[in-house]
Amino acid sequence: MKVYTLYVPGKTYIHKMNPLTKLLYLAVAIAIPFIAPDPAITMACFLIGIFILGWAKVLHRVIYLLAMSILFISTIFIIQGLYYPGNTTPYLILGKLTFYKEGLIHAMVISFRLVNIMISASVLVLTTRPSDLISSAVRRGISPRLGYVMSSVLQIIPQMATTADTIMDAQKSRGLETEGNLKTRLKAYIPLLGPLVLGSLVSAQERAMALEVRAFNATGKRTFLQNEEDYTVSKAINAIIILALILTIIWRIYS
Amino acid sequence: MKIKVDNLGFRYTGGKERALEGITFTVNQGEFIGIMGKNKSGKSTLASALVGLIPHFFKGAMRGNVYIDGLDTQETPIAELCQKVGIVFQNPFNQISGAKLTVYEEVSFGLENIGLPRNQMIERIEEVLELFGIAHLKDRNPFSLSGGQMQRLALACIMALRPEIVVLDEPTSQLDPLGVEEVYKSIAKLKEKGLTVLLIEHKTEYLAEYSDKILLLENGKLKNYDTPERIFGTNPGIQAPVYTQVCQALNKPKENGLYPVTLKDTIPLLKG
Ligand SMILES: Nc1ncnc2c1ncn2[C@@H]1O[C@H](COP(=O)(O)OP(=O)(O)OP(=O)(O)O)[C@@H](O)[C@H]1O
Ligand SMILES: [Mg+2]
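Read top to bottom, the protein sequences are chains A and V.
All letters in the first sequence, in the order written, are residues -4 to 250 by our numbering.
All letters in the second sequence, in the order written, are residues 166 to 437 by our numbering.
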């Protein structure tokens, strides 16, 4: 059974850390380079991110992700190098194309921030089960219904994809053309819609009934199967993250 | 009296006819009741009324009353009723919450909702997984189970809420023969434990074997409510278990003049 998550199971401290702490880290690690647009600070954020990923033993996954984004980053360099409004100093001339220094530097800053965002997001995404993030949020007071919708979508969508495959197979065996050029393939999806939509409406109602008889609408206080890890450590880490943010803001104001 | 249904009627909003009309019966603690009737005769509607989905979930006009352990279902929220009466539906797949990643956690769904303390939760989860023979699957994703396993998980999830009554609405109609066997082993456990069970089922051999009484519905009305032998003996319109049909064909009634409905009762008649 496929689940749409990039989570890499592990037993490191980063895996066990409160998901909301990781979410806070993500927000701050993205914000700092914008508040303090100094390449050295972005670099520091980047290195901290790499260090945490190494600690969580998931660095190899990020390298793969970064490799995938190279194409995108090259586009930034080409476009900014050629067309950045502040371009004045030609740096590199390739035939008819002139790349300017200002644009390339700007592209570097943007790319660096982008990579930093990817690294920081990876800390959260690669080491946290989505369901744990959601249940931490429910503990802190988001509505259990919203929590349910978020976590079930992650599981039920792949399930619908499986259903679609099954219906498609059945239709193929009855002679429906599902291969070939784009037009025939698109056409093949139309007969799929009926059973899929009707099927999921029926399933939705049945699932709603099944949830209902498992006290989904209970109004009392809920409890949680998973124990939350040590509060004090989390609080200390949260405090450090927030302190870093405040220091950056102060630095920005006085420099 | 565990269940008291008094002149129950129900019409779904938009429905042309009443799905149920004038239903009155009672069920005692520990009884096993089979529910039969043709398609659209109102079996599932009755099941919904017994667990409070009618009137709390389905819109429509309800008449009469349903009392579960003395509680009037119209005045008791489902979240409370579900700790008195549980229900398992046909489709195993649609009973998986989709919010939990493992079988073990899936069982916790209802327990978290009712706010059960964590230590009791663990105790109950382990107990029901063991009871229905799915403890070895506890770390699997619920969606990766077979139909029979999923249906036993659904039963485990309901039983973890510790109801004293369980309604089973065609729990095996979407399963393969192996799955049917597995689920019936679990149903036998409910009977052994002395729970009050109401089973909707088309497979009459199973109904006859387990039921103390059978409730026969016809067009939303209660046609008959009696022992399996009398139900199958006096309603020629319904498909009787093969044992009954064989003994009727051979003209081999029991001493009381009725035809047997189970294999156990048939063997001595055919031997003798
Ligand atoms: N959600 C609904 N809305 C409107 N009408 C409904 C709804 N559910 C059932 N009905 C109608 O109520 C009547 C009884 O249906 P019900 O599902 O209770 O029958 P059933 O005996 O369980 O049938 P089956 O053997 O097919 O499961 C039918 O006429 C049906 O069309
Ligand atoms: Mg039904």
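Built from N, CA and C at the ideal position, the CB exists for glycine as well.
Secondary structure note for residue 201/V: its beta strand (DSSP E) is the uninterrupted segment 197 to 202. Secondary structure at residue 256/V: coil, using DSSP grouped into helix, strand and coil. Chain-ordered listing is empty here: chain A has no CB closer than 8 angstroms to the CB of residue 324/V, the nearest sitting near 11 angstroms.
Beta-bridge partners of residue 226/V (DSSP): 176/V. Per DSSP, the unbroken alpha helix (DSSP H) holding residue 16/A starts and ends at 14 to 30. Placement of the Cβ of residue 205/V at a distance of less than 6 angstroms from at least one heavy atom of ligand 1 is found. Leaving aside the five residues that flank residue 220/V on each side, the residues in its chain whose CB is nearer than 7 angstroms to its CB run, in chain order, 227, 239. Boundaries of the beta strand (DSSP E) around residue 378/V: 378 to 383. Under the Cβ distance rule, residue 209/A counts among the residues neighbouring chain V, one pair being separated by less than 7 angstroms.
Annotation: Cβ neighbours of residue 280/V in chain A (cutoff 8 angstroms, chain order): 213, 215, 216, 217, 218. Taking 6 angstroms as the cut-off, one finds no heavy atom of ligand 2 near enough to the beta carbon of residue 368/V. In this structure, the C-beta of residue 8/A stays at least 6 angstroms away from each heavy atom of ligand 1. Scanning its chain for C-beta atoms nearer than 7 angstroms, with the 5 sequence neighbours on each side dropped, one finds around residue 395/V the residues 423, in chain order.
At a cut-off of 7 angstroms between C-beta atoms, residue 2/A does not count as an interface residue with respect to chain V. Of all alpha-carbon atoms in 93/A, 108/A, 50/A, 26/A, the one lying nearest the alpha-carbon of residue 76/A is that of 93/A. In the three-state DSSP reduction, residue 386/V falls in the strand class (E or B). Per DSSP, the beta bridge partners of residue 334/V are 365/V.
DSSP places residue 186/V in the uninterrupted beta strand (DSSP E) bounded by 185 to 192. Per DSSP, the continuous alpha helix (DSSP H) segment holding residue 152/A begins and ends at 139 to 168.
For residue 216/V, the neighbours in chain A by C-beta distance under 8 angstroms run, in chain order, 208.
Among the residues facing chain A, residue 211/V is not included, as its CB has no counterpart in that chain under 7 angstroms away. Counting only runs of 4+ residues, the alpha helix (DSSP H) found wholly inside the segment 275 to 317 of chain V occupies 283 to 296, in chain order. Annotation for residue 34/A: no beta strand (DSSP E) segment contains it, though the alpha helix (DSSP H) segment containing it runs 34 to 50. Taking the CA atoms as reference points, residue 186/V sits about 36 angstroms from residue 429/V.
Boundaries cannot be given for residue 403/V, as no alpha helix (DSSP H) includes it and DSSP labels it neither H nor E. For residue 240/V, the closest Cβ of chain A is not nearer than 7 angstroms.
Residue pairing of residue 251/V in beta bridges, as defined by DSSP: 331/V.
Taken from the Cβ of residue 338/V, every heavy atom of ligand 2 lies 6 angstroms or farther away. Proximity of the beta carbon of residue 180/V to ligand 1 is indicated: a heavy atom of the ligand is located closer than 6 angstroms.
Under the Cβ criterion (8 angstroms, minimum of three pairs), the segment 345 to 352 of chain V does not count as touching the segment 236 to 247 of chain A. In this structure, DSSP gives residue 179/A a helical state, which the three-state scheme calls helix. The criterion of a C-beta distance shorter than 7 angstroms is satisfied by residue 335/V and residue 255/V. A Cβ of chain A is located within less than 7 angstroms of the beta carbon of residue 277/V. Proximity to residue 115/A across 11/A, 17/A, 102/A, 220/A peaks at 17/A, based on C-alpha coordinates.
For residue 208/V, the distance from the CB to the nearest heavy atom of ligand 1 is below 6 angstroms. Note: residue 93/A is bridge-paired with 88/A in the DSSP secondary-structure output.
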